[in-house]
Amino acid sequence: MEKAFLLLGLALASALPGFCEENPFEKDFVIWEWDFSNGKGDIYTSQFSMEDGMMENPTPKPDAWFWDEATGCMVSDNQGYNIDMWVLNVRNIPLNDLDYSDIKLSFEYAATRNHSCSTYIGIYSTNGKDLSGVNFPYQYSTADDEIVFVNSGDINIDEFNGDTVNITFSEANTMRNPNPKLYIKKITIKGKHKYGNLPYKDITTFRELKECEDGTVIRYNNPNLTLMMNDPNFRFLRDETGSVLVNDYLCQYEGTKMPNTLRAVYRKLANGVPELSNISYKWDGDNPVMGDTKPKEISEGEYWDNLCEFVIMPISQTVLLLDNAGEMLQGRTSFTPHNPNTKITGFIYPTEDGKVRFAYGYNCSIDVELSETDGFVVSEEERGFVRYRINRSFSKDNWYTLTLPGGFDNVGWNNYTVAEFVSGNDGILTFQTVNRMEAGKPYLVKFNKDIPKLEGTLSSSDAQTVFGGDYNFVGTLRATLPKDGSYYLTSGNTIKPLAKAGTINAFRAFFEPSTPTAAKARAISIDGETTDINDIIINDQKLREQVIYNLNGQRLNNSERGGLYIINGKKVVR
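Sequential numbering from 1430 applies to the sequence shown in my numbering.
Structure follows, in structure tokens:
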């Protein structure tokens, strides 16, 4: 019974299209062949005699290689003449198709039993490659006049691919026997073709490509073709109509344009992804032109219409992740968003069961846009991985209070100054400059150029308070209602009392009195002195009851003009 089922299965399978057909990509194809029964072809012969070389007028001798119409062969026969070497040269064999590989030379020949010559095969290319002195694989006939043709077996000539080749058969007489004949009947060069020698389908866009049948050999030309990702596990290409996966490593920088002809085999994978394999492409020089690598913005509902595309997409539910670079995800295989306005930048590469997945590489990220009023969370899944963006602008050369959920990295370290809170006694809010920032901790920050937003990596959602005596410096990572008597920093580098029931937005800080009897805040000192007038921040209304001196030590009344003065030993601007 088992045998019957086996036979039935084989019968059914053999009826299926393609069953038992030879795989064209594994098949040997004839690249070049010459059968001497069709004539000499492009050959020339030569001969050499040492004795004749020493004679002034040597006796002419017939060619030792001649074409024999009866056998349809080139025949080596020195006819007993005093010839030391005679050569058959088969010329101008084109091996110009670089898509061939595993290239082998063979020939059909016959050698009579009394053949006593040494025969060598030489292969030479127009580019100077040389494979000379290959011993002839003799298999003799059983009688002096018997002609039995055999095959030489394969000689690998892969190294000559891309050249024009000449093949020589050089005979040297060792015994000077009469009539030691060698017959060359046919010369054949075979090889495997990268595309199975199948016809090319010419296309100009990936939109056309995706209409092709699986297994189509394509020849693609589009000046906008760009190498999008070239990581160890996956590669992606893009043109203006879409993207495809590439199953070959392409030795070039990501973002490089590929304007030349590309040849490949088109496949459609089980997960629906279009793929190109067996790619052949010739790069231009060492100065690549960069193409369009910006991610395409799509909605969650457009995921399935953009397979392999590099996108920015909002995510509201768990997505699967594939670590394309092998080091970006820190072991993560999925991600669940915990905050609104979370987006992923990555390459769409779904699983076979239809689940949403992204290939994740060096240009990919998960980002969240944080609100200045709403709160947010930083889960362990997000900590140190998800990037944040705060759409808050900063004008150059002004001080701002700033509390961040993690360090920012979109501004160079030499483009800003940071000061941390030290104390808030006697109405003086004292700061000192530092060279690092801590997540959740409030600071004063001044930029030396206009900044439209801040970006970095999420680390904490907990705002800190820095205690300083009469006043504390309170950070905010969500809209916060301060205590009565609190002060905030406003435009013009001034501090003002906060209106009753007023709130402070997220990513800022305010000065909160630690006791109801705290002295009124009247000045800010940074690094103990003022070297820049704008570095002193003061509310003019808070100085009316203070004792004021000018720089000469003279006491002034409150109605005198503004300027640089000394109040309680500190330089301030009024």
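Every residue, glycine too, gets a C-beta built ideally from N, C-alpha and C.
- Taking C-alpha positions only, N1676 is separated from K1878 by approximately 45 angstroms.
- In this structure, the beta-carbon distance from L1906 to A1935 falls below 7 angstroms.
- Per the Cβ contact rule, the stretch 1828-1837 is not in contact with the stretch 1782-1796 (fewer than 3 Cβ pairs under 8 angstroms).
- Per DSSP, E1798 is one residue of the beta strand (DSSP E) stretching across 1794-1798.
- The stretch 1849-1915 contains, as complete beta strand (DSSP E) runs of 3+ residues, the segments 1857-1863, 1871-1876, 1883-1886, 1894-1897, 1900-1905 (chain order).
- Exclusion of the five residues before and after K1711 leaves N1689 as the residues of its chain whose Cβ lies within less than 7 angstroms of its Cβ.
- For the stretch 1508-1542, the full-length beta strand (DSSP E) segments reaching 3 residues or more read 1514-1524, 1529-1540 along the chain.
- Annotation for F1635: the continuous alpha helix (DSSP H) segment containing it runs 1635-1638.
- By the neighbour-count criterion, in which a residue is buried when 16 or more other Cβ atoms sit within 10 angstroms of its Cβ, L1927 is buried.
- Cβ neighbours of G1813 within its own chain (closer than 7 angstroms, five residues either side excluded): T1886, S1888.
- Assigned with DSSP and collapsed to three states, G1775 falls in strand.
- Between the C-alpha atoms of V1740 and I1632 there is a straight-line separation of about 24 angstroms.
- Residue pairing by DSSP places G1551 opposite T1597 in a beta bridge.
- Burial check for P1628: the Cβ neighbour count within 10 Å stays below 16, so the residue is exposed.
- Segment contact: the stretch 1584-1595 against the stretch 1521-1530, three or more CB-CB distances shorter than 8 angstroms; contact assigned.
- Judged by beta-carbon spacing, I1584 lies beyond the 7 angstroms limit of I1460, meaning their Cβ atoms are not closer than that value.
- Shown here for T1500: same chain residues with a beta carbon closer than 7 angstroms to its own, the five before and five after excluded, namely I1576, Y1612 in chain order.
- Membership of K1711 in any beta strand (DSSP E) is not indicated, and neither H nor E is assigned to it by DSSP.
- Here the alpha carbon of E1884 sits roughly 6 angstroms from the alpha carbon of Y1817.
- Its chain contains S1852, G1853, N1854, S1943 as the residues whose beta carbon lies nearer than 8 angstroms to that of G1898, once the 5 sequence neighbours on both sides are disregarded; these appear in chain order.
- Rounded to the nearest whole angstrom, the C-alpha separation of S1672 and N1753 is 16 angstroms.
- P1703 counts as buried, since at least 16 other C-beta atoms from the protein chains shown sit within 10 angstroms of its C-beta.
- D1471 sits in coil when the DSSP states are folded into three classes, being neither helix nor strand.
- Straight across, the Cα-Cα distance linking D1803 with G1931 is about 16 angstroms.
- In chain order, W1515, V1516, N1518 place their CB closer than 8 angstroms to the CB of S1475, counting only its own chain and leaving out the 5 sequence neighbours on each side.
- For T1774, the closest C-alpha among the options K1784, V1748, G1783 is that of V1748.
- Under the 8 angstroms Cβ criterion, the stretch 1662-1670 does not count as touching the stretch 1727-1735, having fewer than three qualifying pairs.
- For V1748, the enclosing beta strand (DSSP E) starts and ends at 1748-1752.
- Counting along the chain, the unbroken beta strand (DSSP E) around A1938 starts and ends at 1937-1942.
- About 6 angstroms separates the Cβ atoms of V1694 and Y1624, confirming a contact at the 8 angstroms cut-off.
- For G1671, the enclosing beta strand (DSSP E) begins and ends at 1671-1675.
- The beta carbon of L1799 is closer than 6 angstroms to those of F1805, Y1817, I1819 in its chain, skipping five residues each way along the sequence.
- Scanning its chain for C-beta atoms nearer than 8 angstroms, with the 5 sequence neighbours on each side dropped, one finds around N1452 the residues G1625, in chain order.
- Assignment of F1589 by DSSP, reduced to helix, strand and coil, places it in the helix class.
- With contacts defined by Cβ atoms closer than 7 angstroms, T1832 and A1892 form a contacting pair.
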